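Residue numbers (my numbering), protein chains in the order written: chain A, 284 to 630; chain B, 284 to 630.
A quick write-up on the structure given underneath.
Protein chains: 2
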Amino acid sequence: MTSLPANKALLRVLRGDSLQPPPVWLMRQAGRYLPEYRALRSKASGFLDFCYTPELAVEATLQPIRRFGLDAAILFSDILVVADALGAGVAFREGEGPVLEPVTGPGDIDRLDSSRVAERLAPVYETVRAVRALLPPTTALIGFAGAPWTVAAYMVEGRTSRDFFEARRWALGNPESFRQLVDRLVEGTVAHLCAQLDAGADCLQLFESWAGALNPATRRLWSIEPIRRVIEGVRRKHPGALITVFPRGAGVETGLYARETGASAIGIDTTTPLTLPGLPKKTVLQGNLDPAILVVGGDLLDESVAAMIRDMQGRPYIVNLGHGVVPETPPEHVGRLVELVRRNGGG
Amino acid sequence: MTSLPANKALLRVLRGDSLQPPPVWLMRQAGRYLPEYRALRSKASGFLDFCYTPELAVEATLQPIRRFGLDAAILFSDILVVADALGAGVAFREGEGPVLEPVTGPGDIDRLDSSRVAERLAPVYETVRAVRALLPPTTALIGFAGAPWTVAAYMVEGRTSRDFFEARRWALGNPESFRQLVDRLVEGTVAHLCAQLDAGADCLQLFESWAGALNPATRRLWSIEPIRRVIEGVRRKHPGALITVFPRGAGVETGLYARETGASAIGIDTTTPLTLPGLPKKTVLQGNLDPAILVVGGDLLDESVAAMIRDMQGRPYIVNLGHGVVPETPPEHVGRLVELVRRNGGG
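As structure tokens, this is what we get:
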């Protein structure tokens with residue numbers, strides 16, 4: 284059986300079909316909540332080594348597919364690989380998250396080289412090719428990247444932060460030089476996403492994890508517009524590329540990402556109702572079960588999934604969480620979620 | 284000259300008047316960005332000692348009024364004093380924020396005593412009385428508390444957290460026992476707010492700082508409904524009490540707080556446009572300048588303030604930030620903000 288995109292439920296919905304049952308995959312579906320992942324993870328020293336070692340990344344990508352039969356695999360990687368490929372010196376410290384050499388001014392930006400991103404990330408595309416060859420023909424493969432603002436915020440801050448204040452101050456106070464950083468990221472992100480499609484990814488997701496740190500004016504300038512440029516850049520090489528945007532924390536302005544970026548679909552976060560006002564009925568939505576509900580399980584999980592599917596009936600919709608799977612999640616609850624989707628969604 | 288509430292611009296707007304210029308005050312207007320605050324702060328060992336020592340708390344409350352002539356003073360205190368008065372053992376560690384003895388189950392809740400909150404917080408009301416006597420007659424005095432969900436989240440987590448996952452898990456997985464905790468907090472918060480009004484506060488603000496950690500279902504149950512009960516409880520003793528609710532991160536659901544809690548006004552966070560859809564024109568709004576703009580200053584500050592005032596023209600509106608003043612803020616930028624409000628708003 285050949286792998287025709289038309290057979291893949293996720294791609295049909297991303298093109299606007301409403302399916303019963305809807306396709307289901309989960310952000311961070313490969314990860315620490317799975318014992319087989321923890322065993323695999325112990326084989327590499329650093330987290331980036333793990334991402335850059337195809338045999339390990341391939342296996343991590345496939346683990347949740349084997350266990351749960353989800354409708355899509357998402358490449359096992361990280362949103363900071365583009366920063367790393369630009370030369371930002373990314374490292375992951377146990378229990379502390381990512382640490383980068385902070386970008387503190389124009390001189391640091393000049394040293395970032397966006398022309399070699401795809402070359403430096405070659406092992407990632409090797410992973411994509413290998414996964415592609417191993418996936419069942421009905422399972423879609425999702426490539427991804429961080430949106431430019433989110434990656435820029437990490438690069439300026441040098442680490443995670445509650446409010447990414449230094450990045451916001453720079454973006455507001457010196458927009459000319461901040462634009463240089465965002466431009467490098469737009470270029471590097473387009474290259475990285477195109478290379479994933481070239482290697483066999485069926486569709487893409489852009490994670491704007493820190494959309495909530497922006498105000499309405501900076502959102503247009505540093506989030507909406509760079510995402511629009513990334514999508515436009517990818518489609519110049521891959522016309523019609525299917526790209527989901529996940530603007531976490533954008534709140535009232537979530538709809539702007541649907542209307543102004545060219546996104547194929549919008550991921551809705553946990554805080555925002557799936558029935559948010561101001562979106563056309565034809566907008567493809569993805570989300571947004573609370574990851575804490577997946578931890579609790581039981582009747583709460585059953586009822587929450589049934590309600591989501593009921594609310595989205597007749598709309599193009601992809602079941603997912605409103606944020607990533609957390610390590611405390613019992614794997615059997617993910618199995619139950621998939622079973623519920625297939626049962627409820629089947630009518 | 285007696286202190287007639289009718290002379291206070293803030294109170295007139297909270298009752299629905301649209302004023303030119305609009306009143307202005309700032310969340311965390313007393314704090315580390317002021318050199319006189321840092322000098323004062325060094326006189327007490329712990330942060331709670333500082334809050335509980337009337338001569339220090341009075342002085343901290345008054346410092347920004349003297350320097351900037353703001354339209355309102357907000358009591359210098361902390362949202363965790365109610366948790367402390369319930370017996371949660373709150374401490375503040377330098378550079379780490381609050382640390383509490385975590386509430387981990389029903390046994391811990393049983394030990395919390397909401398009947399003695401006002402007695403234990405007597406020094407806070409002494410501060411309110413002293414500030415009241417020292418304020419100019421046109422300057423309003425704002426009392427405040429954390430909303431029950433936000434304080435509960437700190438109590439369960441035992442510290443600050445990015446996503447307050449333990450609190451969410453408890454609230455979702457064992458709502459019966461979580462309700463006990465919220466009930467104690469509703470009682471303690473009503474007592475604390477009433478005591479502030481009794482001591483001379485003109486109006487109140489409830490800080491729901493972690494509204495963004497909730498999903499739509501838990502928002503109704505654990506944020507909207509407890510806030511509604513707090514407001515109802517306060518007004519049983521103080522009919523017509525003016526109470527602003529600040530639901531930070533509520534996004535698309537910000538309007539629910541206007542429609543369903545009985546709030547006199549809604550504080551809008553930095554992420555949300557002041558012109559958010561779904562609010563009646565008569566809703567009193569407060570906010571929402573990005574604190575990073577106040578740090579940057581210059582033309583950006585001038586233009587942002589002018590735009591806010593223009594957008595809110597003809598509506599009952601209170602100038603404020605969308606989050607607290609940050610320590611990096613140059614005090615002269617706050618002075619400039621007040622000058623701009625008085626000048627633009629007067630035109």
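Backbone N, C-alpha and C fix where the C-beta goes; we use that ideal spot for every residue, glycine too.
Everything numeric in this text was worked out from a predicted model, so none of it was measured.
Original post:
So, helix, strand or coil for Phe-359(A), using DSSP?
Top reply: In the three-state reduction of the DSSP assignment, Phe-359(A) falls in the coil class, being assigned neither a helical nor a strand state.
**OP:** Tell me whether the beta-carbon of Ala-371(B) lies closer than 7 angstroms to the beta-carbon of Leu-383(B).
**Re:** Yes, they are a contact pair.
**OP:** For chain A, find out if any of its Cβ atoms is closer than 7 angstroms to the Cβ of Gly-538(B); answer yes or no.
**Re:** So, not an interface residue.
Original post:
For chain A, is any of its Cβ atoms less than 7 angstroms away from the one on Asn-603(B)?
Top reply: So, not an interface residue.
Original post:
Relative to the C-alpha of Pro-381(A), which residue among Gly-441(A), Gly-516(A), Ala-343(A) is closest?
Top reply: Relative to the Cα of Pro-381(A), the nearest Cα in the group Gly-441(A), Gly-516(A), Ala-343(A) belongs to Gly-441(A).
Original post:
Nearest chain A C-beta to Asp-573(B) closer than 7 angstroms, yes or no?
Top reply: Nearest CB-CB separation between Asp-573(B) and chain A: below the 7 angstroms threshold.
Subject >> C-alpha distance - Gly-538(B) paired with Pro-556(B), whole-angstrom precision >> reply: Cα to Cα, the separation comes out at about 12 angstroms.
**OP:** Spatial neighbours of Leu-562(B) within its chain, please: CB distance less than 7 angstroms, with the 5 preceding and 5 following residues excluded, ordered by chain position.
**Re:** The beta carbon of Leu-562(B) sits closer than 7 angstroms to those of Gly-538, Ala-541, all from its chain and outside the five residues before and after it, given in chain order.
Original post:
Going by Cα to Cα distance, which pick from Arg-503(B), Ala-436(B), Thr-558(B), Ser-360(B) is closest to Leu-424(B)?
Top reply: Comparing Cα-Cα distances from Leu-424(B) to each of Arg-503(B), Ala-436(B), Thr-558(B), Ser-360(B), the minimum goes to Ser-360(B).
Subject >> Limits of the alpha helix (DSSP H) - the one that Glu-642(A) falls within >> reply: There is simply no residue 642(A) to check, as chain A begins at 284 and stops at 630 in what is shown.
Original post:
Of all Cβ atoms in chain B, is any one closer than 7 angstroms to the Cβ of Gly-441(A)?
Top reply: So, not an interface residue.
Subject >> Below-7 angstroms beta-carbon distance, Gly-388(A) vs any chain B residue >> reply: Chain B, which has no Cβ nearer than 7 angstroms to the Cβ of Gly-388(A), makes this no.
Original post:
What residues in the segment 553-581 of chain A bring their beta carbon closer than 7 angstroms to a beta carbon of chain B?
Top reply: For the segment 553-581 of chain A, which is checked against every Cβ of chain B, the residues closer than 7 angstroms are Thr-553, Thr-554, Thr-555, Pro-556, Leu-559, Pro-560, Gly-561, Asp-573, Ala-575, Ile-576, Val-578, Val-579.
Original post:
What in chain A is Cβ-close to Val-609(B), meaning under 7 angstroms?
Top reply: Under the 7 angstroms cutoff, chain A gives Phe-448.
Original post:
Helix or strand or just coil, what does DSSP make of Phe-447(B)?
Top reply: Here Phe-447(B) carries a coil assignment [DSSP, helix/strand/coil].
Original post:
Under the three-state reduction of DSSP, which class applies to Ala-423(B): helix, strand or coil?
Top reply: In the structure shown, the three-state DSSP call for Ala-423(B) is strand.
**OP:** Measuring only between beta-carbons, confirm whether Pro-499(B) sits less than 7 angstroms from chain A.
**Re:** Closer than 7 angstroms to the CB of Pro-499(B) there is at least one CB belonging to chain A.
Original post:
Anyone know if the C-beta pair for Ala-413(A) and Val-364(A) falls short of 7 angstroms?
Top reply: Contact: no.
Original post:
Can you list, in chain order, the residues of the segment 354-386 of chain B whose Cβ is nearer than 7 angstroms to any Cβ on chain A?
Top reply: Listed by position along the chain: nothing, the set is empty.
**OP:** Whole angstroms is fine: what's the gap from Ala-322(B)'s alpha carbon to Pro-610(B)'s?
**Re:** Taking the straight line from one Cα to the other gives about 14 angstroms.
**OP:** Can you tell me the Cβ-Cβ gap for Val-579(A) and Arg-452(B), rounded? I've got them flagged as a contact below 8 angstroms.
**Re:** Contact annotation, Val-579(A) with Arg-452(B): C-beta distance approximately 6 angstroms; criterion of less than 8 angstroms satisfied.
Original post:
How is Val-307(A) classed by DSSP in three states: helix, strand or coil?
Top reply: Here Val-307(A) sits in strand by DSSP.
**OP:** Look at the Cβ atom of Leu-476(B), then the Cβ atom of Leu-487(B), and state whether they are nearer than 7 angstroms.
**Re:** Pairing Leu-476(B) with Leu-487(B) gives a Cβ-Cβ distance under 7 angstroms.
Subject >> Beta-carbon contacts of Ile-392(B) that lie in its chain and below 8 angstroms, excluding the five residues immediately before and after >> reply: Excluding residues within five positions, the ones whose Cβ falls inside 8 angstroms are Val-386, Ser-460, Gln-463, Leu-464, Arg-467.
**OP:** Pick out the complete alpha helix (DSSP H) segments inside the segment 319-373 of chain B, 4 residues or longer, and give them in chain order.
**Re:** Counting whole runs of 4 or more residues, the segment 319-373 of chain B contains the alpha helix (DSSP H) stretches 330-335, 337-351, 364-369.
Original post:
Looking at the unbroken alpha helix (DSSP H) that takes in Ala-413(B), where does it start and where does it end?
Top reply: DSSP places Ala-413(B) in the uninterrupted alpha helix (DSSP H) bounded by 405-417.
**OP:** Compile a chain-ordered list of the residues in the segment 456-470 of chain B whose CB is closer than 8 angstroms to at least one CB of chain A.
**Re:** Residues of the segment 456-470 of chain B with a C-beta less than 8 angstroms from any C-beta of chain A: Gly-456, listed in chain order.
**OP:** Please confirm whether Asp-582(A) and Thr-553(A) have their CB atoms less than 7 angstroms apart.
**Re:** No, they are not a contact pair.
Subject >> Proximal chain B residues relative to Thr-523(A), where beta-carbon distance stays under 9 angstroms >> reply: According to the sequence shown, residue 523(A) is Gly rather than Thr. By Cβ distance, chain B contributes nothing, its closest Cβ being about 30 angstroms from Gly-523(A), past 9 angstroms.
**OP:** Measure from the alpha carbon of Glu-615(A) to the alpha carbon of each residue in Leu-293(A), Arg-324(A), Gly-352(A), then state which is nearest.
**Re:** Closest by C-alpha distance to Glu-615(A), out of Leu-293(A), Arg-324(A), Gly-352(A), is Gly-352(A).
Subject >> Partners in chain B for Leu-583(A), counting only beta-carbon separations shorter than 8 angstroms >> reply: Within chain B, the residues whose beta carbon sits less than 8 angstroms from that of Leu-583(A) are Leu-455, Gly-456, listed in sequence order.
Original post:
So is Gly-299(A) buried or exposed if we call it buried at 16+ other beta carbons inside 10 Å?
Top reply: Within 10 angstroms of the beta-carbon of Gly-299(A) lie fewer than 16 other beta-carbons, which makes it exposed.
Original post:
Which whole-angstrom value is the C-beta distance of Val-439(A) and Ala-450(A), which I expect to be below 8 angstroms?
Top reply: Yes, Val-439(A) and Ala-450(A) are in contact; Cβ-Cβ is about 4 angstroms, under 8 angstroms.
Subject >> Beta-carbon proximity of Thr-566(A) to Glu-491(A), cut-off 7 angstroms >> reply: Thr-566(A) places its beta carbon 7 angstroms or farther from that of Glu-491(A).
**OP:** Note the first and the last residue of the continuous alpha helix (DSSP H) segment covering Leu-317(B).
**Re:** Segment: none, Leu-317(B) is in no alpha helix (DSSP H) and carries neither H nor E.
**OP:** Say whether chain B places a C-beta atom closer than 7 angstroms to the C-beta of Arg-452(A).
**Re:** Yes, Arg-452(A) lies at the interface with chain B (some Cβ there is under 7 angstroms from its Cβ).
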